[in-house]
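This report concerns only the one structure given below.
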Amino acid sequence: MANPIIIRELLQLNDFGIDSTQISFGEVSMESEKYIGCNHRANGSSELLIIDTEAPNKPLLLPISVESVIMHPRRKIIALKCGKTLRVIDLLNNCVVKQHKSKDVIIFWRWINEATISFIIHDGTVFHWALAGNSIPARMFVMDRKLRDNFRIIDIGCRDNNRICWKAPVNTMFSMKFDTDSPTSVHVSRKHGVVYLVTMLGFLHLFDVDSGLELYSCSISKDRIFHNADHSDGGFVAINRRGNISYVFIDEEVMSDKVSLWNEKIARKLSLRWTSLTRPNPNSIPTPTPLPPLAGSESSAHWKFVAEKLERERDDLAVRNRDLERKYRKALLMFGFIHESVRVLIVRTYGEEMWSNVLVRSGFESGKENIVNHYYKDSDTYLLIDSVSVLTKMTREQVWETYGGFLIEYTMEVGWDELVRSMSPNLKGFLDNLDSLHYFIDHVVYKANLRGPSFRCEENTDGTITLHYYTGRPGLYPIVKGVIREVARRVFEIEVSLTITGRTQRSVQMTIGERIEEHVIFQIKLDNQNNADNFIARKTPPVLESNENYLRMSSLDFATALPYHFIMDEECKLVFAGRELYNHLPRELLVVGTPMMRLFEITRPQIALDFDNICNFINAVFVLQARAGPGDSYQRNANSESSADDISHGQMMMLSSNKHIIYLCSPYVTSIPELLQYGMRLTAMPLHDATRDIILLNQQRLSDVEVNLQLEANNEQLETMARDLEKEREKTDALLKDLLPMSVAEQFLKNEDVEARQYEEASIMFSDVPNFAFIVTKCEPKQIVSMLNDLFTRFDRIIGFNENVYKVETVGDCYVTVTGVPEHIDDHAEILCHTALGMLWESREVKNPLTDEPVLVRIGIHSGPIVAGVIGGDKPKYCMYGNSLSVASSMETHSLPGRIQLSAKAHKCAARGGRFEFVSRGRIPIRGRGEMETFFLQRSFKKSIWEITKRPRGGFVTF
Numbered sequence: 001m002a003n004p005i006i007i008r009e010l011l012q013l014n015d016f017g018i019d020s021t022q023i024s025f026g027e028v029s030m031e032s033e034k035y036i037g038c039n040h041r042a043n044g045s046s047e048l049l050i051i052d053t054e055a056p057n058k059p060l061l062l063p064i065s066v067e068s069v070i071m072h073p074r075r076k077i078i079a080l081k082c083g084k085t086l087r088v089i090d091l092l093n094n095c096v097v098k099q100h101k102s103k104d105v106i107i108f109w110r111w112i113n114e115a116t117i118s119f120i121i122h123d124g125t126v127f128h129w130a131l132a133g134n135s136i137p138a139r140m141f142v143m144d145r146k147l148r149d150n151f152r153i154i155d156i157g158c159r160d161n162n163r164i165c166w167k168a169p170v171n172t173m174f175s176m177k178f179d180t181d182s183p184t185s186v187h188v189s190r191k192h193g194v195v196y197l198v199t200m201l202g203f204l205h206l207f208d209v210d211s212g213l214e215l216y217s218c219s220i221s222k223d224r225i226f227h228n229a230d231h232s233d234g235g236f237v238a239i240n241r242r243g244n245i246s247y248v249f250i251d252e253e254v255m256s257d258k259v260s261l262w263n264e265k266i267a268r269k270l271s272l273r274w275t276s277l278t279r280p281n282p283n284s285i286p287t288p289t290p291l292p293p294l295a296g297s298e299s300s301a302h303w304k305f306v307a308e309k310l311e312r313e314r315d316d317l318a319v320r321n322r323d324l325e326r327k328y329r330k331a332l333l334m335f336g337f338i339h340e341s342v343r344v345l346i347v348r349t350y351g352e353e354m355w356s357n358v359l360v361r362s363g364f365e366s367g368k369e370n371i372v373n374h375y376y377k378d379s380d381t382y383l384l385i386d387s388v389s390v391l392t393k394m395t396r397e398q399v400w401e402t403y404g405g406f407l408i409e410y411t412m413e414v415g416w417d418e419l420v421r422s423m424s425p426n427l428k429g430f431l432d433n434l435d436s437l438h439y440f441i442d443h444v445v446y447k448a449n450l451r452g453p454s455f456r457c458e459e460n461t462d463g464t465i466t467l468h469y470y471t472g473r474p475g476l477y478p479i480v481k482g483v484i485r486e487v488a489r490r491v492f493e494i495e496v497s498l499t500i501t502g503r504t505q506r507s508v509q510m511t512i513g514e515r516i517e518e519h520v521i522f523q524i525k526l527d528n529q530n531n532a533d534n535f536i537a538r539k540t541p542p543v544l545e546s547n548e549n550y551l552r553m554s555s556l557d558f559a560t561a562l563p564y565h566f567i568m569d570e571e572c573k574l575v576f577a578g579r580e581l582y583n584h585l586p587r588e589l590l591v592v593g594t595p596m597m598r599l600f601e602i603t604r605p606q607i608a609l610d611f612d613n614i615c616n617f618i619n620a621v622f623v624l625q626a627r628a629g630p631g632d633s634y635q636r637n638a639n640s641e642s643s644a645d646d647i648s649h650g651q652m653m654m655l656s657s658n659k660h661i662i663y664l665c666s667p668y669v670t671s672i673p674e675l676l677q678y679g680m681r682l683t684a685m686p687l688h689d690a691t692r693d694i695i696l697l698n699q700q701r702l703s704d705v706e707v708n709l710q711l712e713a714n715n716e717q718l719e720t721m722a723r724d725l726e727k728e729r730e731k732t733d734a735l736l737k738d739l740l741p742m743s744v745a746e747q748f749l750k751n752e753d754v755e756a757r758q759y760e761e762a763s764i765m766f767s768d769v770p771n772f773a774f775i776v777t778k779c780e781p782k783q784i785v786s787m788l789n790d791l792f793t794r795f796d797r798i799i800g801f802n803e804n805v806y807k808v809e810t811v812g813d814c815y816v817t818v819t820g821v822p823e824h825i826d827d828h829a830e831i832l833c834h835t836a837l838g839m840l841w842e843s844r845e846v847k848n849p850l851t852d853e854p855v856l857v858r859i860g861i862h863s864g865p866i867v868a869g870v871i872g873g874d875k876p877k878y879c880m881y882g883n884s885l886s887v888a889s890s891m892e893t894h895s896l897p898g899r900i901q902l903s904a905k906a907h908k909c910a911a912r913g914g915r916f917e918f919v920s921r922g923r924i925p926i927r928g929r930g931e932m933e934t935f936f937l938q939r940s941f942k943k944s945i946w947e948i949t950k951r952p953r954g955g956f957v958t959f
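Residue numbers for the sequence shown follow this note's numbering, so the first one is 1 and each next one is one higher.
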């Protein structure tokens, strides 16, 4: 995991001529990230250097010698201290603003805001000195011993008769990394709601401002830190002994992840605080003064003890919160089914183009926004809906309500039609069982464990229904309106109207942390009496009567028939428990009178384990998680592998006495692997328990879901591989086009046959390095390779300017090119002559490693008939044959260094346009061919050398 503390270096005082020996607490001051003041001493004189961090290239140097100086946080105002005298000077107006002479020695002073200076005298008395008017420093309070020896976070909220009103002091626990270390300053981040405590040796301790818990600690400097100042963006600026000025701040996402590993509640509060649009009032959090160092070995030993204890507590918290972390993260996600159903709604209503526009506006990649079995952040879903709202010109509430109606239609289309219709014969029964439907789809089918809503129905005397809707996602209540109307019409063939009679929000403390819960109350009314029985059941089913008032059953029979039940009273204390619970809970806790809070916690619905709460959600599916009581120890069955995290699901039922509730449940086991994981077998459940059938039937369903997940993962992997393969194919094609002429390469890529052809006239050029064999014997191989690489790279560049020039091959120092193949052109000789001039010019920039002189290549050109074709399949090569190649090679061999020699035939072809200047060399003997007439190419009349080489004019040093 990345470091949650980010450090960025801003300035270096050494760059301003400040010697390291002058960088100390008394010589350098910094009250904010804007200004830095330095007492600069040089050549026996003392000057005041003021650095504006926003314009560091314009420092201000003043001929002032003082004991201490602090710069105003925002304005060009400085406060000077000489002995017991304080003086405030306005630099812009060049005047003294205020002056005061203290009776006592001032041990510390600083700006606490833009209008007030605070200072502390030797006995710990704190004074505030306001700049406005003619006021003198006001005595505020005296730091007591407790404040000096302990770090406390104190909210200073008001003043009463010129006295500080201390609110909710929070004691903190932290330890120094070294006994010689001590805290030097404290900073409160108004943005993040955290406190930074910086120590002398460069360690940072981060605390939560509300609880006082230490969130994180790390080293921010290898050198001693002696000055810190608040930063307007929430962090702080620090100066160390080397003069490094750094900005230190929080990576919010990483810090939240770090904290969630050991304290989920604090992590949740931090996340809510950091993502909130409403920031804390800056005036509600005071800027505290640096604390005096802790002294004495007793304090160090105490902090060491506290640190060890805190470390052990963190380890325990980390172990206990692993599952909570998983739940917390999934609670902030929405299932991909939502995105897919939104996509289908928009496509059916507005078309594919509208959905494409929605994706563009919301920043989603097409195809990545609707993976059904993927979890998306709530923010992603809200962004999608906001985009739909803007583009369709509907309010967000209208979009959600429309979606709610379509959700029922889409759910029934994709295979849930029979399940929805079979839930209840009337709308009230459907709403009563809506929680169980959510539970089945969420936990049993997809194993998503998402944060779903809860519903509770009340039947009113006037024939209406009151529906209570609870959700941890405020603002989604319009979905409920759309869902109920569509279910009433499509499933129960009735028309209903809904009215919102109440809507409230509250903060609820849950196991996974604090969350905002919205409670919306709907009144549902039947619009007409057609099919009224489909609205609320009118008939009460008969009950079989017995001759006796009660049917007697022994405790053992009851505990055996219902092995996973328990009964509790109004005070939520245990009255009776099923037989199998003794294999999953501490036996010493399964006694009459044990508070249920010590045995279980409710994970669904997300309510506290309270009698009234349970009665309110009596129709919901209850999921309970077993836990041991605080400090309890017990011995489990040696053959049992079940843990204290066993989960059960079932139904709460009110007994006829209305004073007891029975919980009929089964282990939350939905597959054979889970059954074995908990050390259980099917025989642990009675035959009448449907969990046995769910385990067997759902095994195949889960296998199908896993197969789909694997298919989606494989498809994504295949798409990635296809993209990578396409990139590699493009590289291969580009390489093939470098090896073969363009037209030939395209034929080869299309698997077309490339037939060999005879060309009546083409031009061939050979070039080499004179005395290359001698150079090889006298130089290192690395030098040879470097020279040839430089030379041939320049040649390749020149050839790349004309697509009609093809590089045949390089052998040793020989470089062979051709024009006029595979596509015949009339000016092949002219093109090759221009190429030769460019190559000759470029070669002069390459140094001979033996003499360090420019390499003077020799070039030979001949024009005539050749035969060309592709040789090889796996490693194709475009080869040329014919007597013309031998003649071109002879022209190069018999040429002179730094010259371009042409045969008579090449001269004739090149001279057709009259664009070159040639010098006849006359007839010279050519080995194996007798005497041949040759010509030297001097220059081109058509193009300058700068046009040929595409170099800036005068860019070369000529010779």
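Every residue, glycine too, gets a C-beta built ideally from N, C-alpha and C.
Tell me whether Ala756 sits in a helix, a strand or coil according to DSSP, three-state version. coil
Compare the Cα-Cα distances from His468 to each of Asp432, Lys807 and Val520 and report the closest residue. Val520
Could you give the distance in angstroms between the alpha-carbon of Cys909 and the alpha-carbon of Ser890? 18 Å
Quick one: measure Cβ to Cβ for Met71 and Ser29, integer angstroms, because I've assumed they're closer than 8 Å. 6 Å
Taking only the alpha-carbon atoms, compute the straight-line gap between Leu294 and Leu197 and give it to the nearest angstrom. The predicted position of Leu294 is uncertain, since its pLDDT is 34 and thus under 50; a value taken from the coordinates is nonetheless stated next. If I take the Cα positions, the gap works out to 13 Å.
Ile948 burial status per 10 Å Cβ neighbour count (16 or more: buried): buried
What's the gap between the Cα of Ser786 and the Cα of Phe936? 30 Å
Whole-Å CB distance - Gly820 paired with Tyr759, under 8 Å assumed: 6 Å
Does the separation of the CB atoms of Ala888 and Gly869 fall below 8 Å? no
Closest by CA to Ser966, which one among Leu213, Gly351, Ile5 and Ile338? What the structure shows of the chain is the stretch from 1 to 959, and residue 966 is not part of that stretch, so it cannot be assessed.
Run of the alpha helix (DSSP H) containing Asn613, from where it starts to where it stops: Phe611 to Asn616
Secondary structure at His834, three-state DSSP: helix, strand or coil? helix
Classify Tyr881 as buried or exposed, calling it buried when 16 or more other Cβ atoms lie within 10 Å of its own Cβ. exposed
Out of Ser68, Gln783 and Val88, state which residue places its alpha-carbon closest to the alpha-carbon of Asp852. Gln783
Any chance you could list the alpha helix (DSSP H) runs of at least 4 consecutive residues sitting entirely within the stretch 191-264, in chain order? 252-260
Taking the alpha carbon of Asn94 as the point to measure from, which residue in Ile77, Ile106 and Thr793 has its own alpha carbon closest? Ile77
Would a C-beta distance cut-off of 8 Å place Phe455 and Leu431 closer than the cut-off? yes
Which residues does DSSP list as the beta-bridge partners of Cys879? Gly869
Closer than 8 Å by C-beta to Val754: which residues in its own chain qualify, once you throw out the five before and the five after it? Chain order, please. Val744, Gln747, Phe748, Gly869 and Val870
Distance between Val360 and Thr732 (C-alpha atoms, nearest Å): 33 Å
Does the distance from the C-beta atom of Ser246 to that of Leu10 stay below 8 Å? yes
Beta-carbon separation of Glu517 and Gly472 under 8 Å? yes
The alpha helix (DSSP H) that contains Gln783, what's its start and end? Pro781 to Ile799
What number of angstroms, rounded off, separates the C-alpha of Lys877 from the C-alpha of Val867? 14 Å
Can the beta-carbon of Ala238 be found less than 8 Å from the beta-carbon of Ser32? no
So what does DSSP say about Arg858, is it helix, strand or coil? strand
Beta-bridge partners of Asn113, as assigned by DSSP: Thr116
Measuring straight from C-alpha to C-alpha, what distance separates Val344 and Glu409? 11 Å
Taking 8 Å as the threshold (beta carbon to beta carbon), is Gln99 in contact with chain E? Of the chains in the structure shown, none is chain E; there is only one protein chain.
Euclidean distance between Cα positions of Val209 and Gly202: 21 Å
Whole-angstrom distance between Leu215 and Phe16, CA atom to CA atom: 37 Å
Thinking C-alpha only, which one of Tyr477, Cys38, Asn530 and Leu86 is nearest Pro63? Cys38
For Lys807, name the three-state secondary structure that DSSP assigns. strand
Residues bridged to Leu61 (per DSSP): Leu49
Secondary structure, alpha helix (DSSP H): runs of 4+ residues fully inside the stretch 378-402: 378-392
Grab the span of the alpha helix (DSSP H) containing Tyr477 for me, first residue to last. Tyr477 to Arg490
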